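*Asks:* Please find one structure pasted underneath; my questions will follow.
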Amino acid sequence: MDIGQVNAQAQLASQNDKSLTGNSKLGQDQFLQLLVAQMQNQDPINPMDGKEFASQLAQFNSVDQLIGVNNGLSELGQSQQLMRAELTNSMASSLTGKQVRALSSNVNLQAGEDANINYDLNNSASEVEIVIRDSSGKEVRRETVDGAAAGDNSWSWDGKSNDGVDVPDGQYNVEINATNGDDSVKARMFIEGTANKIRFTGAGVRVSIDGVEVPIGDIETVAASEK
Numbered sequence: 070m071d072i073g074q075v076n077a078q079a080q081l082a083s084q085n086d087k088s089l090t091g092n093s094k095l096g097q098d099q100f101l102q103l104l105v106a107q108m109q110n111q112d113p114i115n116p117m118d119g120k121e122f123a124s125q126l127a128q129f130n131s132v133d134q135l136i137g138v139n140n141g142l143s144e145l146g147q148s149q150q151l152m153r154a155e156l157t158n159s160m161a162s163s164l165t166g167k168q169v170r171a172l173s174s175n176v177n178l179q180a181g182e183d184a185n186i187n188y189d190l191n192n193s194a195s196e197v198e199i200v201i202r203d204s205s206g207k208e209v210r211r212e213t214v215d216g217a218a219a220g221d222n223s224w225s226w227d228g229k230s231n232d233g234v235d236v237p238d239g240q241y242n243v244e245i246n247a248t249n250g251d252d253s254v255k256a257r258m259f260i261e262g263t264a265n266k267i268r269f270t271g272a273g274v275r276v277s278i279d280g281v282e283v284p285i286g287d288i289e290t291v292a293a294s295e296k
C-alpha cells in the first residue's frame with residue numbers, strides 16, 4: 070500500500086472536515102474516504118487482510134451508530150427544551166389573579182400604605198436588624214426588632230426614613246440580619262400578594278406580584294382558587 074497517498078487522502082479529508090464544520094475531529098464521511106483510499110492504494114501483490122478489512126468496517130459501523138445516537142439525543146434535548154418552555158408559559162399564564170408567595174428582597178411602597186416586610190428564619194433570633202435601601206443603594210431606614218421566632222415573621226414599615234420623613238413611593242431593597250447571641254441566624258425574605266402581570270423575556274418568565282417582579286422559579290406557593 071502507498072502510505073504517502075493514504076496520508077495525502079487523510080490530510081485532504083481532515084481539511085475538508087475543518088472547512089465544513091470547524092471541527093478537527095474525524096467525521097463519518099472522512100472515515101469512509103480513508104477506508105476507500107486504503108482499498109484503492111493497496112498493494113495488489115499484498116492486498117489488505119480480510120480480517121483487518123472487516124475490523125475497519127466494524128469501526129465504521131460503530132462510528133455511524135454513534136453519530137446517529139448523538140443526533141437523536143440532540144433532537145430529544147431540543148424537544149424537551151421546547152416542552153419545558155411551553156409548560157412554563159402555560160403555567161405562568163394561569164397564575165394571573167392568584168395569591169402567590171415568592172422569594173424576593175424587594176418591597177413596593179405605595180402612597181398612604183404601610184409595606185409588609187416578610188422574612189423566614191431557620192431558627193429563633195434574639196435580635197433582627199432590618200435595613201432598607203433605595204434604588205441607588207442609599208440607606209433610608211434601619212430598625213431593630215427584639216425577639217423573633219423560627220419560621221415566618223413580618224414587620225410593617227410605615228414608609229418613613231430614619232429621620233421620620235416620608236420617603237417617595239417606589240421599590241426598595243431590604244436586608245435582614247438576624248442573630249441569636251453571637252450566632253447568626255439564616256433569614257430569607259419573601260413577598261405575598263396577587264400575581265397581576267406576566268412578562269415573557271429572553272431570560273425567562275417574570276411575574277409581577279403587587280408591583281414587585283420576580284422570576285417564575287422564585288415562586289414558592291400558589292393559593293388554591295376559591296370555589
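70 is the number of the first residue of the sequence shown in our numbering; add one for each residue after it.
Using N, Cα and C, we set each Cβ at its ideal position, and we do this for glycine too.
A quick note: this is a predicted structure, and the numbers were derived from the prediction, not measured.
(1) Taking S253 as part of the beta strand (DSSP E), name the residues at either end of that continuous run.
(2) Taking the alpha-carbon of E211 as reference, which of V283, N246, K255 has the nearest alpha-carbon?
(3) As a quick exercise: from T165, V200, Q102, S205, pick the residue whose alpha carbon is nearest that of G228.
(4) Would I260 and A171 be called neighbours here (beta carbons separated by less than 8 Å)?
(5) Work out the CA separation of W226 and D189 for me, nearest whole Å.
(6) Could you check the C-alpha separation between A292 and N242 for me, to the nearest Å?
(7) Compute the Euclidean distance between the alpha carbons of D203 and S277, then round it to the nearest angstrom.
(8) Just reading off the beta strand (DSSP E) that N231 is part of, what are its end residues?
(9) Output needed for G280: all residues of its chain with C-beta closer than 6 Å, excluding positions within five of it in sequence on either side, in chain order.
(10) Taking C-alpha atoms, which residue in N175, V236, S205 lies nearest to G181?
(11) Figure out for me which residue from S173, A184, K167 has the closest Cα to the Cα of D238.
(12) Find the nearest neighbour of T263 within the set N249, S163, K207, judged by alpha-carbon distance.
(13) Between the Cα of K207 and those of V283, G273, Q240, A256, spot the shortest distance and give me the residue it belongs to.
*Replies:* Concretely, from the data shown:
(1) Here residue 253 refers to the residue found at position 184 when the sequence shown is read from its first residue. Per DSSP, S253 belongs to the beta strand (DSSP E) from 252-254.
(2) To locate residue 211, count along the sequence shown from 1; it is residue 142. In the sequence as displayed, the identity of residue 211 is Arg instead of Glu. Out of V283, N246, K255, N246 has the C-alpha closest to the C-alpha of R211.
(3) To locate residue 228, count along the sequence shown from 1; it is residue 159. If we check each option's Cα against that of G228, V200 comes out closest.
(4) Here residue 260 corresponds to residue number 191 of the sequence shown, with the count starting at 1. Here residue 171 corresponds to residue number 102 of the sequence shown, with the count starting at 1. In this structure, A171 lies closer than 8 Å to I260 by Cβ.
(5) Locating residue 189 in the sequence shown gives position 120, counting from the first residue. Locating residue 226 in the sequence shown gives position 157, counting from the first residue. Straight across, the Cα-Cα distance linking D189 with W226 is about 17 Å.
(6) Stepping through the sequence shown from its first residue, residue 292 is reached at position 223. Stepping through the sequence shown from its first residue, residue 242 is reached at position 173. A292 and N242: Cα-Cα distance of roughly 25 Å.
(7) For this step, residue 203 is matched to residue 134 along the sequence shown. For this step, residue 277 is matched to residue 208 along the sequence shown. D203 and S277 have their C-alpha atoms spaced approximately 19 Å apart.
(8) On the sequence shown, residue 231 is found 162 positions in, with the first residue counted as 1. Where N231 is concerned, there is no enclosing beta strand (DSSP E), given that its DSSP letter is neither H nor E.
(9) Along the sequence shown, read from residue 1 onward, the residue named residue 280 stands at position 211. Residues of the same chain with a CB within less than 6 Å of the CB of G280, apart from the 5 flanking positions on each side, are N177 in chain order.
(10) By one-based count along the sequence shown, residue 181 stands at place 112. Per the Cα distances, V236.
(11) One-based indexing of the sequence shown puts residue 238 at position 169. Residue A184 is the option with its Cα nearest to D238.
(12) In the sequence shown, residue 263 corresponds to position 194, counting from 1. Per the Cα distances, S163.
(13) Position 138 of the sequence shown, counting from 1, holds the residue named residue 207. Among V283, G273, Q240, A256, the Cα nearest to that of K207 belongs to Q240.
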